[in-house]
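J.: Under full-length UniProt numbering, the first residue of the sequence shown is numbered 1, with each subsequent residue one higher. Cβ coordinates follow ideal geometry from the N, Cα and C atoms, glycine included. As the structure is a prediction and not an experimental result, all values here were calculated from the model.
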Amino acid sequence: MTTNPEVIIVGGGAVGLAAACELAIKNVSVTILERESGPAAPWKNEKLGFRELFVPAIEHLYRRGLLNDMFRNEERPQTMPEKKGGFEFAGHFAGMMINGNDVNYSHWDDTHLPGPACVPGSSTLGHIENVLRARAEQLKVPILTGKNVTGIEDTDSGVKVFCGEETFEAQYLVGCDGGRSTIRKKAGIPFIGTEPEFTGYAVHCKLDNPFLLKPGFNRCPNGGLYIMAGPQHIYAVDHDISFDRDQEVTAEHFQKVLRKLSGTNVVVEQVVLASAFTDRCRQAEQYRKGRVFLAGDAAHIYPPFSAQGLNCGYIDAVNLGWKLAALVKGYATPGLIDTYQQEQHPMAARVLDWVRAQIVTLRPDAHGRAVGNVMREFLYTEAGVTYCIGRQWGLDVRYEIGEGHKLVGRSALDYELDDGSRLGTKLGAANFTLVAFGDCSSELTSSVNELNPVLGFCRAKGEEKSGLQGVLVRPDGIVSWASADALNIETIKASLERWVALPAAVEKFESVSYEANQLSNIQTPLTTTVRSNIGRVFGKDGEKYTGLPTVVTEVPATADA
Numbered sequence: 001m002t003t004n005p006e007v008i009i010v011g012g013g014a015v016g017l018a019a020a021c022e023l024a025i026k027n028v029s030v031t032i033l034e035r036e037s038g039p040a041a042p043w044k045n046e047k048l049g050f051r052e053l054f055v056p057a058i059e060h061l062y063r064r065g066l067l068n069d070m071f072r073n074e075e076r077p078q079t080m081p082e083k084k085g086g087f088e089f090a091g092h093f094a095g096m097m098i099n100g101n102d103v104n105y106s107h108w109d110d111t112h113l114p115g116p117a118c119v120p121g122s123s124t125l126g127h128i129e130n131v132l133r134a135r136a137e138q139l140k141v142p143i144l145t146g147k148n149v150t151g152i153e154d155t156d157s158g159v160k161v162f163c164g165e166e167t168f169e170a171q172y173l174v175g176c177d178g179g180r181s182t183i184r185k186k187a188g189i190p191f192i193g194t195e196p197e198f199t200g201y202a203v204h205c206k207l208d209n210p211f212l213l214k215p216g217f218n219r220c221p222n223g224g225l226y227i228m229a230g231p232q233h234i235y236a237v238d239h240d241i242s243f244d245r246d247q248e249v250t251a252e253h254f255q256k257v258l259r260k261l262s263g264t265n266v267v268v269e270q271v272v273l274a275s276a277f278t279d280r281c282r283q284a285e286q287y288r289k290g291r292v293f294l295a296g297d298a299a300h301i302y303p304p305f306s307a308q309g310l311n312c313g314y315i316d317a318v319n320l321g322w323k324l325a326a327l328v329k330g331y332a333t334p335g336l337i338d339t340y341q342q343e344q345h346p347m348a349a350r351v352l353d354w355v356r357a358q359i360v361t362l363r364p365d366a367h368g369r370a371v372g373n374v375m376r377e378f379l380y381t382e383a384g385v386t387y388c389i390g391r392q393w394g395l396d397v398r399y400e401i402g403e404g405h406k407l408v409g410r411s412a413l414d415y416e417l418d419d420g421s422r423l424g425t426k427l428g429a430a431n432f433t434l435v436a437f438g439d440c441s442s443e444l445t446s447s448v449n450e451l452n453p454v455l456g457f458c459r460a461k462g463e464e465k466s467g468l469q470g471v472l473v474r475p476d477g478i479v480s481w482a483s484a485d486a487l488n489i490e491t492i493k494a495s496l497e498r499w500v501a502l503p504a505a506v507e508k509f510e511s512v513s514y515e516a517n518q519l520s521n522i523q524t525p526l527t528t529t530v531r532s533n534i535g536r537v538f539g540k541d542g543e544k545y546t547g548l549p550t551v552v553t554e555v556p557a558t559a560d561a
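#1: Between the Cα of Ala325 and those of Phe509, Glu443, Leu17 and Ala494, spot the shortest distance and give me the residue it belongs to.
#2: Which one of Tyr201, Gly85 and Gly179 has the shortest CA to CA distance from Ile192?
#3: With a Cβ-Cβ cutoff of 8 angstroms, do His405 and Ala482 count as a contact?
#4: Measuring only the C-alpha atoms, how far is Ser446 from Asn488?
#5: The alpha helix (DSSP H) that contains Asn4, what's its start and end?
#6: So what's Lys83 in DSSP terms, helix, strand or just coil?
#7: When you compare only the Cα positions, how much space is there between Arg398 and Phe432?
#8: Quick one: is Val530 buried, meaning 16 or more other Cβ sit within 10 Å of its Cβ, or exposed?
#9: For Ile315, which of helix, strand or coil comes out of DSSP?
#10: Beta-carbon within less than 6 angstroms of Pro525's beta-carbon, same chain only, minus the 5 sequence neighbours each way: which residues are those?
#11: Below 8 angstroms on the Cβ atoms is my guess for Leu310 versus Ala14; work out the distance and round it to an integer in Å.
#12: Between the stretch 50–57 and the stretch 164–172, do three or more beta carbon pairs fall short of 8 angstroms?
#13: For Thr553, which of helix, strand or coil comes out of DSSP?
#14: For Gln247, which residues of its own chain have a beta-carbon under 6 angstroms away from its beta-carbon, when the five flanking residues on both sides are left out?
#15: Strictly by DSSP, which residues pair up with Gln283?
#16: For Lys465, does the count of other Cβ atoms within 10 angstroms reach 16, so buried, or fall short, so exposed?
#17: For Gln255, list the residues DSSP reports as bridge partners.
#18: Between the Cα of Asp69 and those of His300, Val237 and His127, spot the shortest distance and give me the residue it belongs to.
#19: Beta-carbon within less than 8 angstroms of Arg51's beta-carbon, same chain only, minus the 5 sequence neighbours each way: which residues are those?
#20: Between Val292 and Leu213, how many whole angstroms is the CB-CB distance? I'm expecting something under 8 angstroms.
#21: With DSSP run on the structure shown, which of helix, strand or coil describes Lys112?
#22: From Arg350 to Gln342, what does the alpha carbon distance come to, in whole angstroms?
#23: Could you give the C-beta distance for Ser511 and Ile25, rounded to a whole number, given that I count them as a contact under 8 angstroms?
#24: Does DSSP classify Cys118 as helix, strand or coil?
#25: So, do the stretch 76–91 and the stretch 103–120 have three or more beta carbon pairs nearer to each other than 8 angstroms?
#26: When the distance is taken between beta carbons, is Lys206 closer than 8 angstroms to Gln171?
#27: In chain order, what residues of the same chain have a beta carbon less than 6 angstroms from the beta carbon of Asp396, not counting five sequence neighbours either side?
#28: Per DSSP, Ser483 forms a beta bridge with which residues?
#29: Measure from the alpha carbon of Tyr62 to the alpha carbon of each residue in Asp476, Lys256 and Leu273, then state which is nearest.
#30: In whole angstroms, what is the alpha-carbon distance linking Ala505 and Val355?
#31: Expressed to the nearest angstrom, what Euclidean distance is found between the alpha-carbon atoms of Gln358 and Glu195?
#32: Taking 8 angstroms as the cut-off, does the stretch 333–342 touch the stretch 33–40 (at least 3 CB pairs, one atom from each stretch)?
#33: Ordered along the chain, which non-local residues of its own chain (more than five positions away) have a Cβ less than 7 angstroms from that of Cys176?
#34: Taking the straight line between their C-alpha atoms, what separation do you get for Val203 and Met347?
#35: Lys323: buried (16+ other C-beta within 10 angstroms of its C-beta) or exposed?
#36: Determine the contact status of Arg219 and Ala284, defining contact as a CB-CB distance below 8 angstroms.
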């Protein structure tokens, strides 16, 4: 007899896998239904597949013991970048490059401590998915491929998912099935936003003379943009939406686009891999309808500027996971699951604002040029580049979850603990964690231990510089309470009871044991190292391509030279 899972996730990409892992850690039975049955798309494992993971995602990978697997050949920076002379690429705003040496990194001294998760890092989308898939398999999550969802039914007691003649049932359903989400459409959730102004292209191609094109980021006088990531890898933004994206991107068509943007007579000899996209920006009106939830591109879509969509979707999964687990297991407080929408919807809306502002500067008219000129001047100031890096890297993320200390609503600092470890290494089980500064009475310690396994307890090394006596960290790593007053168990319980029902949570709260940093079944065609401080790519004959990720690639012996 087959037992139905408690949660079904539709979509086995990075967001669906992350959500499955978060649920499985809390001993929720979950099954992933993935439409594709073959190997991953080739572009996911080559240069076109590189994606930047920003600090919130990096912090979560670190806390779940996945950072070493994600960047297995890289020695992670332990501090914010040091300011040097000259130019150091730190990011861009619509192709206007940001000089990391102009950024005031000390601006975040009070909200981010040195450690392995303090700066972004890059990897291929294929490798990101492989790491998360390996963790899901380690947690015994079934991943069923070749399952094309044709319908859903939300009942009072559960959901049914129809895949042709097959029917799957669960208590809850999470749609992580992309921008054209079947789950969102079948649930009848409005998808609201703006229509496209441009067509974008990500292309691996062979050019007759790639050095006709300028390396790096190139904003074009008549609007648009092209990015020369190497002699054979190009990203382009063309203010023409007439191209049918269901059609193949041919060499002839892409050559026309490149000539228009670059003003050169470059010849595209062959298109090896290509995809087209638009700047359509939309967001689901609601992230939950009955027993159906949305996360990732199913909930919000953006053009792929700086991997904002991937990062926002990843944190959707992290935010939803522990809350849905509490709902499934019966220890959620009334309204807990509603905080998923309350917290994540504004975050995605903020990203939409950030992306739309970039789109305006790429318009081929006087208004676009004017906004672009103002933004360029802004990026020449320390305050301007610091603000932009704070938004792009996710250093300024703060949930509005109540009044209190400035750390409330932010990601927890990676405090050094009295046993010599760091807080980030203690958060793998996705429990609530109390971090105490200074001495605690034996009575308080005993009372806190009675709340195990809901509440973990750590003593920080030394005093907190702003005078805090303790902070409460949620399962997703967010500080939900901080106090400069002497700690007492009733206040701590009251802070916990905002999120979980006591004593029910003590009885029902559980986590699955797993070995962090012990994933052995990760299969990645290319082993890559990408430095967190973006530098350069060198093309043929040492031609320098500035402003792009430094990629060191080891090609398997069986690969063609």
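T.: Once the coordinates are examined:
#1: Here residue 325 refers to the residue found at position 325 of the sequence shown. That would be Phe509, whose Cα lies nearest to the Cα of Ala325.
#2: Your numbering for residue 192 matches position 192 in the sequence shown. Comparing Cα positions, the closest option is Gly179.
#3: Translated into the one-based positions of the sequence shown, residue 405 becomes position 405. Translated into the one-based positions of the sequence shown, residue 482 becomes position 482. Yes, the Cβ-Cβ distance between His405 and Ala482 is below 8 angstroms.
#4: Position 446 of the sequence shown, counted from the first residue, corresponds to residue 446. Position 488 of the sequence shown, counted from the first residue, corresponds to residue 488. Cα to Cα, Ser446 sits roughly 12 angstroms from Asn488.
#5: For the purposes of this step, residue 4 is taken as the residue at position 4 of the sequence shown. That residue, Asn4, is in no alpha helix (DSSP H); it is neither H nor E in DSSP.
#6: Here residue 83 refers to the residue found at position 83 when the sequence shown is read from its first residue. Three-state result, Lys83: coil.
#7: Here residue 398 refers to the residue found at position 398 when the sequence shown is read from its first residue. Here residue 432 refers to the residue found at position 432 when the sequence shown is read from its first residue. Going from the Cα of Arg398 to the Cα of Phe432 covers about 18 angstroms.
#8: Within the sequence shown, the letter at position 530 stands for residue 530. In this predicted model, Val530 has a pLDDT of only 37, less than 50, meaning its place in the structure is not dependable; the value taken from the coordinates is given anyway. So Val530 counts as buried.
#9: The sequence position of residue 315 within the sequence shown is 315, counting from 1. Helix.
#10: Along the sequence shown, one-based indexing puts residue 525 at 525. For Pro525, the pLDDT reaches just 44, beneath the cut-off of 50, and the residue's location in the model is therefore unreliable, although a value from the coordinates is still provided. Excluding positions up to five away in sequence, the list reads Asn45.
#11: Looking up residue 310 in the sequence shown gives position 310. Looking up residue 14 in the sequence shown gives position 14. 6 angstroms between Cβ atoms; contact.
#12: no
#13: Position 553 of the sequence shown, counting from 1, holds the residue named residue 553. In this predicted model, Thr553 has a pLDDT of only 27, less than 50, meaning its place in the structure is not dependable; the value taken from the coordinates is given anyway. Of the three classes helix, strand and coil, the one that applies to Thr553 here is strand, per DSSP.
#14: Walking along the sequence shown from the start, residue 247 turns up at place 247. Excluding residues within five positions, none has a Cβ falling inside 6 angstroms.
#15: Taking the first residue of the sequence shown as 1, we reach residue 283 at position 283. Paired residues: Ile192 and His300.
#16: Residue 465 sits at position 465 when you count from the first residue of the sequence shown. It is exposed - the Cβ of Lys465 has fewer than 16 other Cβ atoms within 10 Å.
#17: Locating residue 255 in the sequence shown gives position 255, counting from the first residue. Its beta-bridge partners do not exist; DSSP assigns none.
#18: If you number the sequence shown from 1, residue 69 lands on position 69. Of His300, Val237 and His127, the residue nearest in Cα terms is His127.
#19: As a position in the sequence shown, residue 51 is number 51, starting the count at 1. So the qualifying residues of the chain are Ser122, Ser123, Thr124, Leu125, Ile128, Ala307 and Leu310.
#20: Start at 1 with the first residue of the sequence shown, and residue 292 comes out as number 292. Start at 1 with the first residue of the sequence shown, and residue 213 comes out as number 213. Wrong, their Cβ atoms sit about 46 angstroms apart, outside the cutoff.
#21: Here residue 112 corresponds to residue number 112 of the sequence shown, with the count starting at 1. The question names Lys, but residue 112 is His in the sequence shown. His112 falls in the coil class under three-state DSSP.
#22: For the purposes of this step, residue 350 is taken as residue 350 along the sequence shown, with counting starting at 1. For the purposes of this step, residue 342 is taken as residue 342 along the sequence shown, with counting starting at 1. Spanning the two alpha carbons is a distance of roughly 13 angstroms.
#23: Stepping through the sequence shown from its first residue, residue 511 is reached at position 511. Stepping through the sequence shown from its first residue, residue 25 is reached at position 25. Yes, Ser511 and Ile25 are in contact; Cβ-Cβ is about 6 angstroms, under 8 angstroms.
#24: For this step, residue 118 is matched to residue 118 along the sequence shown. Note: Cys118 maps to coil in three-state DSSP.
#25: yes
#26: Position 171 of the sequence shown, counted from the start, is the residue given in the question as residue 171. Position 206 of the sequence shown, counted from the start, is the residue given in the question as residue 206. Cβ atoms of Gln171 and Lys206: not closer than 8 angstroms.
#27: Position 396 of the sequence shown, counting from 1, holds the residue named residue 396. Only Gly390 meet the Cβ criterion.
#28: Taking the sequence shown and counting its residues from 1, the one referred to as residue 483 is at position 483. DSSP, once it has assigned bridges, lists Gly470 as partnering Ser483.
#29: Within the sequence shown, residue 62 is the residue found at index 62, counting from 1. Comparing Cα-Cα distances from Tyr62 to each of Asp476, Lys256 and Leu273, the minimum goes to Asp476.
#30: For this step, residue 505 is matched to residue 505 along the sequence shown. For this step, residue 355 is matched to residue 355 along the sequence shown. Near 40 angstroms, if we compare the C-alpha coordinates of Val355 and Ala505.
#31: Within the sequence shown, residue 358 is the residue found at index 358, counting from 1. Within the sequence shown, residue 195 is the residue found at index 195, counting from 1. Roughly 15 angstroms between the two C-alpha positions.
#32: no
#33: As a working mapping, residue 176 is identified with position 176 in the sequence shown. So the list reads Ile9, Val10, Gly11, Gly13, Val15, Gly16, Ala19, Ala295, Gly296 and Ala298, once near-sequence residues are dropped.
#34: Counted from its first residue, the sequence shown places residue 203 at position 203. Counted from its first residue, the sequence shown places residue 347 at position 347. So the two alpha carbons sit approximately 30 angstroms from each other.
#35: Working through the sequence shown from its first residue, we reach residue 323 at position 323. Buried, because 16 or more other Cβ atoms sit within 10 Å of the Cβ of Lys323.
#36: Within the sequence shown, numbered from 1, the residue matching residue 219 stands at position 219. Within the sequence shown, numbered from 1, the residue matching residue 284 stands at position 284. No, these two residues do not count as a Cβ contact at 8 angstroms.
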